[in-house]
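Chains as they are written, first to last, in the working numbering: chain A, 1 to 739; chain B, 1001 to 1739.
Backbone N, C-alpha and C fix where the C-beta goes; we use that ideal spot for every residue, glycine too.
Please read all numbers here as calculations on a predicted model, not as lab measurements.
2 protein chains.
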Amino acid sequence: MQSFRPRSTTLTNTSINPNLWTIEEVSFDPQYLHHQETIFTIGNGYIATRGAFEEGYHTERRATFAHGVFDAARNYNTELVNMPDWLPLSVCLDRERFSLERGTLEKYRRTLDLRNGLLSRTVLWQSPNGRCATMVFERFVSLADPHALYLRCHVIPEFAGPVEFRAALDGHSDNLGVVHLRWIDQGERDGVVYLRTRTRQSQIDIAYAMRVETHGGRETKHDFWDVDDRPSVCIQVDARPGEEIVFDKQVSVFTSRDVPAEHVVSTAVHHSNAAPHWQEALEQNNTAWANEWKRSDVELEGDDESQRAMRFNLFQLLIVAPRHDSRVNIGAKTLSGFGYHGHTFWDTEIFMLPFFTYTAPPVARNLLDYRYARLDAARAKARANGCEGAQFPWESADTGEEVTPPWYPDPSNRTKLIRIWTGDIEIHISADVAYAVRQYWQVTGDDEWFIDRGAEVILDTGKFYASRAEWDPDRQRYEYNDVIGPDEYHDHVNNNAYTNKMAQWNLQTALEVLEWLRAEAPAKAEELTQRLDLSPERLALWRDVIEKIYFPITPSGVIEQFDGYFKLKPVFMAALEPRDMSTQQLFGYEGSQERQAIKQPDVLMLLYLLRDQFDPEIIRINYEFYAPRTDHTYGSSLGPAISSIIACWIGKNGEAYEHFKRAEFADLCDVRGNAGDGIHGASAGGAWQAVVFGFAGLRLTPEGCTTHACLPDGWSRLAFRFFRYGEEQQVNVNRERQD
Amino acid sequence: MQSFRPRSTTLTNTSINPNLWTIEEVSFDPQYLHHQETIFTIGNGYIATRGAFEEGYHTERRATFAHGVFDAARNYNTELVNMPDWLPLSVCLDRERFSLERGTLEKYRRTLDLRNGLLSRTVLWQSPNGRCATMVFERFVSLADPHALYLRCHVIPEFAGPVEFRAALDGHSDNLGVVHLRWIDQGERDGVVYLRTRTRQSQIDIAYAMRVETHGGRETKHDFWDVDDRPSVCIQVDARPGEEIVFDKQVSVFTSRDVPAEHVVSTAVHHSNAAPHWQEALEQNNTAWANEWKRSDVELEGDDESQRAMRFNLFQLLIVAPRHDSRVNIGAKTLSGFGYHGHTFWDTEIFMLPFFTYTAPPVARNLLDYRYARLDAARAKARANGCEGAQFPWESADTGEEVTPPWYPDPSNRTKLIRIWTGDIEIHISADVAYAVRQYWQVTGDDEWFIDRGAEVILDTGKFYASRAEWDPDRQRYEYNDVIGPDEYHDHVNNNAYTNKMAQWNLQTALEVLEWLRAEAPAKAEELTQRLDLSPERLALWRDVIEKIYFPITPSGVIEQFDGYFKLKPVFMAALEPRDMSTQQLFGYEGSQERQAIKQPDVLMLLYLLRDQFDPEIIRINYEFYAPRTDHTYGSSLGPAISSIIACWIGKNGEAYEHFKRAEFADLCDVRGNAGDGIHGASAGGAWQAVVFGFAGLRLTPEGCTTHACLPDGWSRLAFRFFRYGEEQQVNVNRERQD
């Protein structure tokens, strides 16, 4: 197996700090600009901002995203809107404007403190005319108050003369060239500057309010520049050598998703006026973060790099966790980049949700409520495909309709388009959602929510799978043909093992749920039976599909990924090394269909999710079979964490650790070269699962929890917490305690 | 035949003014905003600006376009860039900002003076707090200096208090939501404010420089608001009731197409500093316009509506005529809207060019030079299609590559796309270009240009048609199969009459040109013979194609539009009335293919262009046959002018006038409901041709010119000028003189 090699350039750049809670960048290299913008994203579960610079940079991908603020532009599917920019702050030293594109950068250091989400940058800059100053830029978005954003700039000049600060709110954001915002209004009230914009199609009003102040030095000018769509405040201070000047910018954000549209401005202005000053706000933020980490932290002793990367991954999940909103979900690229347009995939339910289900059940419930509230859209999709029940979309945004782009242009031929099939023929996501619902219920014991909402999801997705099943009278079996499994290198396949088995699981679980409801909540059982038409005939069909679904295991124990997979051309991954592209890119779209190389190991994913249904030996056999056929390096970022867990289960600690690092460093080291598009949320969630269900070997049983640790070499201790039935549990594995 | 009915609402709005040189709007109705923005476009052949308001309006389609400034955005074909906005001017009356969206509009009138391109708007507005003022906004883009733009605002307040003017340059323009510009720099030099932006893909630098001043009142504030990408000047004046304040804004524009990129700012700043003030600039502009009209005007006495509309159409052509640039062409929607992305079609050569060829040969030559310079791109297109010679693209932008969008999304189904075939299988445009080249040569006698450039176009397009011809050995004839003719309701047709005959004409003309060259410019003939490989074998093939090209005429004299047209389902246009959509929309894409209803009369277009090759009786028979099958009202805007001319030729004066009005009022009355997308340049050019070649019946012969007038009822006089062999000719037809 190819070993994991981080991109050394980036690793060096994001250097190792003795502090296990910080990510550092010790020099500025525009070559890594987009990657570092992703890495230095900060957020609070309501809004998040990429690590773009206050003063701007010409090749930047500056962006702020807020959950639920979607818009559909001309000829585009709906996408998460790049919100107005709250960062703009220009500093002029004696009339020369600070910029990394001019002058001399004598010192540079950027630090993200994972403990509290404080992003700091220290520069020592000399202007083209020779004016020097140390400048420290700090920012955080408050975890204590989702609407409060803070930015501070310290300037310590080495000259005497004017220092000017220009702080703005800017409504001209675009999504890689596509405009979603329209200017509505702006002004100044009670010393607070506001900007109101509106998304063009979805008509969401967005108000920002800004309050600025300076400390130190003597203010010689304080102007409001009332320029449309970029209201600005310009403050000039007389500076003296060595005397620090501090500039504070506080911004409050509200949208018409929070308050009625006619109140967005007044709410934001009032909020900004009442918002605490920097120090107090930072302390409140720190307290909120301390509470988060108390629940969420994973301690890995003996492996500093992994420890820091682990926290980085958890930080990425925590900053996009919707704590106060059950109408939103997390996109595959979180709120940290333009990748996948902010759309939600199964990445949430299978990869990110377990972390929340175990450590922050209210967040998990919000995420599941998002799906529950979109059952009608899922029903419409099932109907459109001639089925019954609820079929969740492969990509989901605000409405829950299918938003997978069906085509993308072929760069090599102007008249050609490449078809994206997942939105049409992928059907496993409904079972994935149902799986997450049952997992939430099992872990939390939240019967009230499950009766009220969760059960309906499982029953109606079950209904979908029964209606979608194809009966083969010759072979006397049910099949699912013409689908795509998780491994997207092969589409239009028949009887994808993952899909067939998860459908069976969904139907079986639906029957159990209905039985449970009849016993525990008979009125609800009756209501759902009526509303979803769960007639005896329908349930008989479910049982028949469960019994006769096609899911073969070869005598040797291998589960064929789909009909005919074994007959595809073999592939020898080692012979393809070294490579810097996926096997799909290497073999082409058609060539990949003909070969056994897979983007991610469907069968292992299935065995992971339904471990209890399989003999450990089957798991081992399938790992041995599929691991060498998987594109671990440039295939799906979802695969490595799962491979790591299975490797743990079968005692291959070394391989488990290799896979784990691929997941853990996916973004920090930009393993796939696309971290600039945003954080791989699934990989972050997968890394947590690898530690908890792999290295710690946590299993929940009706009687309690068990662990079965297999720590990587060098790890002396592994500790984390989670909640079972509302009770906090602590896991603390020391090397000497390992079995 | 259905008679022409203008949309009364718009006609009323654009009311009839006794002055035959003005277009007026007497009330403001946002319902017609986009249409009126198009109508009130001003320009000077270098740049043009839609009639958007200085202060903005939320549903506007504000745009400024400059010839040649194209850019290709992500997933889009290249398009003409919406340039930075030079109009922004906000007026605040006692701190209340003037807007048509607030307060009370007590008077409103907008006037476009076609004599000099001066656009004026007079409003009497009362602010929400009761402050009243008369405001007059005037603007023009100088025809005397293509880089100089002028805007003036008069305020006559009815109150005492501050009046504030905020003038800006704004780089945030987008093309219906797609961003092409990136901010580069801005500042203030010598009292002039500048803004520099750059197109994102094509990397064209654009610099605007702005100079402002006030007259009357006492200035109490004069600030420069240095806000990124919208540098602004804010001037406050103490106003007294009844005392006029005048605010002047001059803007200079240069791009890196004009001067080296590093000089765009300094050139613009210097130009603005040196630019004459309003009155002097206006006088220079008026002189330049007077010269244009002297050459170009068409006088129609006895029909004021047509007279004004005629001048409006000519104005539209004059404001986009590239007088100083041979690297650009005119888009189908001129520079007045987003329609067709600023792309050039055959609309130029067949519809707009004759006006320039006859009245402004240097402009015509510039337009033809654009094609000549793109011969290599046309050759590449021919090669890509397995042919030889030069095949011009159906849609052309900066490079001359094919830029027809191959697909557009089906609004009714997210997975479906509708194929646009013109970029692939339409082949008549090469002959259209060749036709325009020969027409220019014939009318101007510009042998030097023809030898140097024009001949090569005709020879190489001829080469294309010979290589593209398909020999049918059974029938012993050449065919062009699987094409689209001008009538786009039928695609993938065989032996389109227009295409086949124009190809034959092109080949015949190529042979004649080569013979002429051999006699008149033997060195050039030799060079082209070598370079284009015009071997005896090739010329023999040309003669063979000319002789054996399939072009049947039925015994009754009707020319079938394409193979099988006669067998299509008949259509009775009268039975479809009243309708408010095209027959294609009515019958659907497939249904239109099966029916005889046509978008424009291919055969009549052919008979128009090659009149000398056909018996007048054939022309009459085909008019009688095709007129009732043509969608005159909602089909192509190219058709009516041609139908009008043919109707003149066969003595159907009444019908000729009906068709003429459809062409002449296409935009002024928004006959097709899409004038908001921009001026139909071909219709404007067609209207001129209808008057000159239809009503006046002008024909050029080697011996001279003849007219054969058939004036519509009520027209007492028709007069215009043109140039033949560099000599000005005057045509003056009086009713009593008609034969």
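Asked                                                                                                                                                                          : Found
Exposed or buried, what is residue 1725 of chain B when buried is set at 16 or more other beta-carbons lying within 10 Å of its beta-carbon?                                   : exposed
Can you tell me which of the three DSSP states residue 53 of chain A falls into?                                                                                               : coil
Within 8 angstroms, do at least three Cβ pairs link the segment 222–233 of chain A to the segment 254–261 of chain A?                                                          : no
For the beta strand (DSSP E) that residue 107 of chain A lies in, which residues bound it at each end?                                                                         : 104–113
In angstroms, rounded to a whole number, what distance separates the CA positions of residue 1513 of chain B and residue 1429 of chain B?                                      : 19 angstroms
So, is the C-beta of residue 406 of chain A closer than 7 angstroms to a C-beta in chain B?                                                                                    : yes
What is the residue span of the alpha helix (DSSP H) that residue 221 of chain A lies within?                                                                                  : It is not in any alpha helix (DSSP H) - residue 221 of chain A instead sits in the beta strand (DSSP E) that spans 218–225.
Determine the extent of the alpha helix (DSSP H) in which residue 161 of chain A is found, giving its start and end residues.                                                  : Looking at the DSSP string, residue 161 of chain A is not in any alpha helix (DSSP H); the run it does join, the beta strand (DSSP E), is 161–168.
When we look at the beta-carbon of residue 1566 of chain B and count the other beta-carbons within 10 Å, is it buried (16 or more) or exposed?                                 : exposed
Contact between the segment 1642–1652 of chain B and the segment 1595–1605 of chain B: three or more CB pairs below 8 angstroms?                                               : yes
Taking residue 24 of chain A as the reference, which of A:49, A:118 and A:46 has the closest Cα?                                                                               : A:118
For residue 358 of chain A, does the three-state DSSP call read helix, strand or coil?                                                                                         : helix
Going by other Cβ atoms of all chains shown within 10 Å of its Cβ, with 16 needed for buried, is residue 1716 of chain B buried or exposed?                                    : exposed
Look at the alpha carbon of residue 195 of chain A and the alpha carbon of residue 270 of chain A, and state the distance between them as a whole number of angstroms.         : 13 angstroms
How would you label residue 1394 of chain B, buried or exposed, when you count the other beta carbons within 10 angstroms and need 16 or more for buried?                      : buried
Skipping 5 residues on each side, what residues in its chain have a beta carbon closer than 7 angstroms to that of residue 1105 of chain B?                                    : 1028, 1123 and 1125
Spell out whether any CB of chain A is found under 7 angstroms from the CB atom of residue 1492 of chain B.                                                                    : no
Can you give me the Cβ contacts of residue 328 of chain A inside the same chain, cut-off strictly under 7 angstroms, excluding the 5 residues immediately before and after it? : 67, 68, 322 and 370
For chain B, is any of its Cβ atoms less than 7 angstroms away from the one on residue 172 of chain A?                                                                         : yes
By alpha-carbon positions, which one of A:290, A:60, A:435 and A:473 ends up nearest to residue 456 of chain A?                                                                : A:435
Counting only runs that start and end within the segment 627–674 of chain A, where is the alpha helix (DSSP H) found for 4 or more residues in a row?                          : 639–649 and 653–664
For the candidate residues B:1520, B:1504 and B:1684, whose alpha-carbon lies nearest to that of residue 1613 of chain B?                                                      : B:1504
Excluding five sequence neighbours on each side, which residues of the same chain lie with their C-beta closer than 7 angstroms to the C-beta of residue 581 of chain A?       : 634
Please classify residue 1736 of chain B as buried or exposed, where buried requires at least 16 neighbouring CB atoms within 10 angstroms.                                     : exposed
My guess is that residue 1494 of chain B and residue 1482 of chain B are in contact by the Cβ rule of under 8 angstroms, so how many angstroms apart are they, rounded?        : 7 angstroms
Taking only beta-carbon positions, decide if residue 17 of chain A is within less than 7 angstroms of chain B.                                                                 : Residue placement at residue 17 of chain A is flagged as unreliable, the pLDDT there being 44, under the threshold of 50; a coordinate-derived value is accordingly withheld.
I'd like to confirm the pairing. Which residues does DSSP put opposite residue 232 of chain A in its beta bridges?                                                             : A:168 and A:225
Using a Cβ-Cβ cut-off of less than 9 angstroms, give me the residues of the segment 1214–1238 of chain B that come near chain A, in sequence order.                            : 1223, 1225, 1226, 1227, 1228, 1229, 1230, 1231, 1232 and 1234
Mapping the DSSP letters down to three states, classify residue 1409 of chain B as helix, strand or coil.                                                                      : strand
Less than 7 angstroms separating the beta-carbons of residue 1193 of chain B and residue 1231 of chain B?                                                                      : yes
Listing by chain order, which chain B residues have their CB less than 7 angstroms from the CB of residue 22 of chain A?                                                       : Simply none; closest approach about 32 angstroms.
Jot down the residue ranges of each uninterrupted alpha helix (DSSP H) in the segment 1520–1571 of chain B, minimum 4 residues, whole runs only, in chain order.               : 1522–1531 and 1536–1548
For chain B, is any of its Cβ atoms less than 7 angstroms away from the one on residue 415 of chain A?                                                                         : yes
With DSSP as the reference, identify every bridge partner of residue 1603 of chain B, one or two as the case may be.                                                           : Residue 1603 of chain B pairs with nothing; no bridge assigned.
Run the CB neighbour count on residue 686 of chain A, radius 10 Å, all protein chains shown included, and call it buried at 16 or more, exposed below.                         : buried
Considering just the uninterrupted stretch of the alpha helix (DSSP H) at residue 278 of chain A, what are its terminal residues?                                              : 278–296
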